[in-house]
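In case it helps, our numbering puts the sequence shown at residues -5 to 159.
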Amino acid sequence: MEFNPSLRIKLLSSVDPGSLILFGDTYGFCIVREGDPAKQRAVIRYDGTAFQYEVGTWPHVVDFGKDYTISPDLATFDPNVAPEPNGTLYFLDGSPCLVLPMGPSIGFVNLTTGSISSRSSWPILSGFRSWRAGVPIDGELVPLIEVVTDGATFGEGDAFEPEQH
-5 MEFNPSLRIK LLSSVDPGSL ILFGDTYGFC IVREGDPAKQ RAVIRYDGTA
45 FQYEVGTWPH VVDFGKDYTI SPDLATFDPN VAPEPNGTLY FLDGSPCLVL
95 PMGPSIGFVN LTTGSISSRS SWPILSGFRS WRAGVPIDGE LVPLIEVVTD
145 GATFGEGDAF EPEQH
């Protein structure tokens, strides 16, 4: 038997960090703090304005694994953006990252590894202000998380306009 999309129901503690998950009625990502010897799992979820870090006990989550697709809106690319916890998809050290509020500081979540870390400094970042994360169902991307800048519609903008000759 095969599920479409591919999914498993697991305890959060057995989910691979970096996986796209459904916990309760919310989609998010499973993460672990960098350097945590216990490798305690936590989740981050998008609340419509920023990603929020949550540690909790969810008896079971739906695990879509790490084979999800991130689809950035090319029209919202910013080659020189300051890190803010606003949902922007950043690229740090070649990996897609999110920025989370962490008390008086910020934390960087590497979506490839699922690890969250803090840094005292960082290089100039680039990123996409609008993007989606989803899973393929019957050959189509079904977005489960959608981050869209104020007043924008995903997929609209100059990057999606045909060239005029």
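The beta carbon of each residue, even a glycine, is placed where N, CA and C say it ideally should be.
Around the beta-carbon of L105, 16 or more other beta-carbon atoms lie within 10 Å, marking it buried. Under the three-state reduction of DSSP, T20 is assigned to strand. Per DSSP, the beta bridge partners of R35 are V26. By the neighbour-count definition (other C-beta atoms within 10 Å, threshold 16), S115 is an exposed residue. CA-to-CA, the gap between R2 and V9 works out to about 9 Å. Inclusion of L6 and R35 in the CB contact set at 8 Å is warranted, their separation being smaller than that value. Under the rule that a run must span 4 or more residues, no alpha helix (DSSP H) segment is found entirely inside the segment 76 to 133. DSSP lists R2, I15 as the bridge partner or partners of D57. Taking a cut-off of 8 Å for Cβ pairs, the segment 14 to 31 and the segment 69 to 78 do not touch, as fewer than three such pairs fall below it. Less than 8 Å separates the beta-carbon of S111 from that of G101. V136 is bridged by DSSP to V129. Within the same chain, and ignoring the five residues on either side of P53 in sequence, the residues whose Cβ sits closer than 8 Å to its Cβ are L5. Selection D132, F85, V129, P130 evaluated against P117 yields F85 as nearest (Cα-Cα). Counting the other Cβ atoms within 10 Å of the Cβ of S124 gives 16 or more, which makes it buried. For P73, no pairing in a beta bridge is given by DSSP.
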